[in-house]
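Shown next, in structure tokens, is the structure this report addresses.
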Amino acid sequence: MTKQLPKVDVILVGFGWTGAIYAEKLTAAGMEVLALERGPWRDTPKDFATTFAQDELRYYWRHGMFQEASQSTVTFRNNGAQTALPMRHWGSFLPGNGVGGSGVHWNGQTYRFLPSDFVAKSHNEERYGPLPEGMTVQDYGVTYEELEPHFDYFEKICGICGTAGNLRGDIRKGGNPFEGPRSDDYPNPPMQMTFSQDRFEASARDMGLNPFPVPSANMSRAYVNPLGMQLAPCTYCGFCEKHGCGNYSKSSPQTTIIPVLMKRENFTLRTDSEVLSVEKSPDGTRATGVTYIDTSGEEFFQPAEVVVLCAYPLENTRLMLLSDIGTPYDPQTGEGVVGKNYCYQVMSGATVFYDEEYTNGFVGAGALGMAVDEYNGDNFDHSGLGFIGGGYIACYTTNARPIESHPVPEGVPGWGSEWKQSVRANFLKTTTVGVHGASMAHRSNYLDLDPTYTDRHGRPLLRMTYDFTLNDRRLTAHITPVAEEIARGMGGREVNVAERKGSYDSMPYQTTHNTGGTIMGTDPQTSVCNRYCQSWDLHNLFVAGAGLFPQNAGYNPTGTVAALAYWSVAAIIDQYMADPGPLVQA
Amino acid sequence: MSFPTRRKILKSLLFGGTAIAAPSAVFGAIYGRGEGMPWEPLKGQPPYYGTHEDWFFTPDEREAVAAICARLIPSDGDGPGAVEADVITFLDRQMAGFYGRGQHWYMKGPFREGTATQGYQSEHPPAGLYRHALAELDGYCRAQQDAGFAALSAAQQDEILKGMDDEEITFDGVSAKAFFDLILKNTIEGYFADPIYGGNRDMVAWHYVGFPGTRYDYRDFVGHNGARIDLPPVSLMGRPGWNSSE
Ligand SMILES: Cc1cc2nc3c(=O)[nH]c(=O)nc-3n(C[C@H](O)[C@H](O)[C@H](O)COP(=O)(O)OP(=O)(O)OC[C@H]3O[C@@H](n4cnc5c(N)ncnc54)[C@H](O)[C@@H]3O)c2cc1C
Ligand code: SF4
């Protein structure tokens, strides 16, 4: 039997980055906020103290902090003709679980998308003519200019370290000259770069490119954020991505927002509570609350005035499909919207092997890197190239942990004596120049409910149908040689190029940058949410996260995810509270 | 909507009485309500890494697995191999624990052979795959060479492993390739993981490749400018000369 609970003002489904952002702003505005989080409580001194946080096996390989596939997973296939099979353990991406979500074990590479990324369809069509058949790229419905104050605020919450490239239209030396105009500089100077970045920078400059420090949520110095939270200088420990930071040096919900929230009387958090569905009023115009289950197996109905889905793109999409909200996307007809435009990221790279010099990759940090943006978005002329979008090229020093990272030159076998000796010879002497490319939406890439496989509660798993598109392949074929050229200029003995070939593989780790499924836009026929991230169908349902992206840009998502969350929550407070209803007329 | 007024009423309902949430509080924990951060100092959760009592392999399996690891990462005079790193102990504990049981994996059927991009699709959790594949491997070796894998020459062993890796040798019921991929992955884990898990004994693999282990402060070394950094490795247990008890 489902137990009824008393109503709250706002329920947040999931308590990662976006959950924390909504909770902070809504409680500050005086609302009673309840966050329901599927996973456990987690915090620095208890769960990732420096006495045991640097445990590669536990955190990365045994998935110490990620969602367990046994809780719920996705089924996967490359195309609609195949039978999707469950990802029995995670590989290509690692969804978070527990307080702080993936914000605990992210790297902290904190970019803003380009102004043109938000108007990808209209901008590219105006410059290059109609998009090709099958490409379902759309505009966001919100502009970079509207989001700018929110990017700025998130950067201050996180204490992002970087060099401004465009301060109110003034192009600054050492920053990214292609970025949209910023209203303010980064709150902190860039991190201290190391050998590999110095080489990358010199090589890129020789080629006439404009290298800039990657905006980093790993602190270059001690910092106090606008909420009074203190962050400590990063120690370049190298146990960053896939690990929590034991030093209070990586911005996460835990280090920047949650302690402030926990002191507010109008905020409540329930952990180990998994939301099963969003419930609707009989007329179907409003959400009445959510049904959730705790680890005892007891079910609860939690009513609320407003529901916000903050459960990461994959689970947000699944919850909408399971709750029968909106029309599921149909790849045959192209109609329907929920599950539409699932996108990912197209990665490639070139590894440099040195003979004399040591790169000492263990001295690194999640977001320690230099990048160039000449080949991102529409920063270069695509005429005649047959693709749109692009990616940044960067050299990071991170992840030189030996189970994960022990590159050997081409031609060395994968095991045996030769392999072992090659690992020793090269372990401390390699670095990689990576391309982090965009993924454009295509009609055949989407999310829906699996017809066969179910989770532990007997509900259908999400089914992912995804492969790299012609656009992705042309994009990576165009930019990877540039990365290779930079790599060759870095003075090593040899360079190995890892091109993006073949079909998308669900197993080797690539990025946790899953986007789409609950996309935003200007028309309810083609999007799930309006420009305020409000469901077109239920006006008191809001959606957060990269699921809102109509297609993925050539950057890491979280800066833009956070800016959209702050933009949306401002609309709830300033407009919706006064007059609840659709904020955009369909 | 008049949020501020309702807030007061709600508070009395939700937080005034304990009755509502109490029954499940043991399961779904409740935090917040102005009470601050719910953690106690020095109450960290150190890892579970198995004990000497944990074992999974039978003596025959153990011998075969040790022999496989010894070919994947050989003791070749250049430095320690899987034998010196005691990878077999690591594997035995892993197979006996939650990992071997596939406890955190999605193990519901139906099971089907997947495409190359669909990942692990065996109906067996890791330990089960080892058990079935080792039995098949033993049968294969006895049929071909009249001896178990461990008794074969290094060259014969390499040939069989290569056959499995290249999908030229197949087994009944389980995939030889899936087993090869898994044991290679696990062997690398055991070679390079922190010694608390039983492998990488005395941090031999970290010494060998020059990884300083679980240190967490390299601020003094960021400006190394391509020079070698010589730091003896440290494990989560510390290292000789590091702990005050040494
Ligand atoms: C290894 C790794 C590295 C990354 N590095 C970067 C980077 O360098 N730069 C960058 O920009 N981004 C990076 N990311 C991505 C970044 O972490 C995410 O963009 C960000 O955390 C998304 O925020 P979110 O609030 O949408 O989701 P999350 O932070 O993941 O939070 C979602 C929460 O919802 C909970 N939840 C899910 N389903 C339910 C349910 N049914 N009921 C209740 N709770 C539920 C989950 O347990 C989770 O805690 C990385 C991610 C990973 C995993
Ligand atoms: S690299 Fe820096 S931010 Fe990352 S975990 Fe280590 S100390 Fe923390």
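Chains as they are written, first to last, in numbering that gives the first Met the number 0: chain L, 0 to 585; chain X, 0 to 245.
Quick reminder that beta carbons are idealized off the backbone N, C-alpha and C, glycines included.
Source: prediction; values computed, not measured.
Locate the alpha helix (DSSP H) running through residue i, then write down its first and last residues.
i              : result
S567 (chain L) : T557 to A570
P258 (chain L) : I257 to M261
E23 (chain L)  : W16 to A27
P58 (chain X)  : P58 to L71
E493 (chain L) : Note, E493 (chain L): premise wrong, no alpha helix (DSSP H); beta strand (DSSP E) at E493 to A497.
What does a CB cutoff of less than 6 Å around residue i pick up in its chain, not counting 5 residues either side in sequence?
i              : result
N265 (chain L) : T26 and E31
N175 (chain L) : G164, F211 and D372
Y531 (chain L) : S567, A570 and L582
P73 (chain X)  : G80
A65 (chain X)  : I87
D138 (chain L) : V118, K120 and S121
Does any CB atom of chain L fall closer than 9 Å to the CB of residue i?
i              : result
Q102 (chain X) : yes
I159 (chain X) : no
Y139 (chain X) : no
P22 (chain X)  : Unreliable placement is indicated for P22 (chain X), whose pLDDT of 41 sits below 50; the coordinate value is still reported in the next sentence. By this cut-off, P22 (chain X) is an interface position.
I195 (chain X) : yes
T114 (chain X) : yes
V208 (chain X) : yes
G183 (chain X) : Note that residue 183 (chain X) is Leu in the sequence shown, not Gly. It does: the Cβ of L183 (chain X) has a partner Cβ on chain L nearer than 9 Å.
Q155 (chain X) : no
Y129 (chain X) : no
V25 (chain X)  : Note that V25 (chain X) has pLDDT 44, beneath the 50 cutoff, so the model's placement of it is unreliable and no number is given.
F191 (chain X) : yes
E188 (chain X) : yes
I168 (chain X) : no
T88 (chain X)  : no
G43 (chain X)  : yes
M94 (chain X)  : no
A204 (chain X) : yes
If residue i and residue j are in contact, beta carbons under 8 Å, what's the gap, nearest whole angstrom?
i              : j              : result
Y215 (chain X) : Q53 (chain L)  : 6 Å
D77 (chain X)  : E135 (chain X) : Actually they are not in contact, since the Cβ atoms of D77 (chain X) and E135 (chain X) sit about 32 Å apart, beyond 8 Å.
F352 (chain L) : P408 (chain L) : 6 Å
F92 (chain L)  : V305 (chain L) : That belief does not hold up - the Cβ atoms of F92 (chain L) and V305 (chain L) are roughly 29 Å apart, past 8 Å.
A482 (chain L) : N513 (chain L) : In fact, because the Cβ distance is near 24 Å, the residues do not count as touching under 8 Å.
V362 (chain L) : R499 (chain L) : Not really, about 29 Å apart at Cβ, beyond 8 Å.
R87 (chain L)  : Y105 (chain X) : 5 Å
P186 (chain L) : G158 (chain L) : 5 Å
Y311 (chain L) : G95 (chain L)  : 7 Å
Kindly list the residues whose CB is nearer than 7 Å to the CB of residue i, restricted to its own chain and excluding five residues on each side of it in sequence; keep chain order.
i              : result
F150 (chain L) : R111, G558 and A562
P125 (chain X) : M94, Y98, G99, G101 and L181
A132 (chain X) : F170, V173, A175 and F178
G490 (chain L) : R198
Q574 (chain L) : L582
E484 (chain L) : M206
A68 (chain L)  : M86, R87, H88 and W89
A486 (chain L) : A349, V351, V432 and V494
I'd like the span of the beta strand (DSSP E) that includes residue i, first residue to last.
i              : result
I485 (chain L) : Unbroken run through I485 (chain L) is the alpha helix (DSSP H), L469 to R487; no beta strand (DSSP E).
P462 (chain L) : Looking at the sequence itself, residue 462 (chain L) is Arg, so the reference to Pro does not match. From DSSP, the beta strand (DSSP E) with R462 (chain L) extends over P459 to T464.
A34 (chain L)  : V32 to L35
V345 (chain L) : V345 to F352
E273 (chain L) : S272 to K279
E304 (chain L) : E298 to L308
M449 (chain L) : The identity of residue 449 (chain L) in the sequence shown is Asp, whereas the question assumes Met. Y445 to T453 is the span of the beta strand (DSSP E), which, as asked, contains D449 (chain L).
E144 (chain L) : Run containing E144 (chain L): none in the beta strand (DSSP E); it sits in the alpha helix (DSSP H), Y143 to C157.
Determine the chain B residues that contact residue i at a beta-carbon separation under 9 Å, and present them in chain order.
i              : result
L151 (chain X) : Checking the listed chains, one finds no chain B in this structure; the protein chains it contains are L and X.
Measuring only between beta-carbons, confirm whether residue i sits less than 9 Å from chain X.
i              : result
H441 (chain L) : no
P44 (chain L)  : yes
R487 (chain L) : no
N165 (chain L) : no
K262 (chain L) : yes
Apart from the five residues just before and just after residue i, which ones in its own chain have a Cβ nearer than 8 Å to its Cβ?
i              : result
I168 (chain X) : Y139, I159, G162 and A175
G29 (chain L)  : N265
N77 (chain L)  : T464, Y465, D466, S502 and Y503
P114 (chain L) : T142, Y143, E144 and G179
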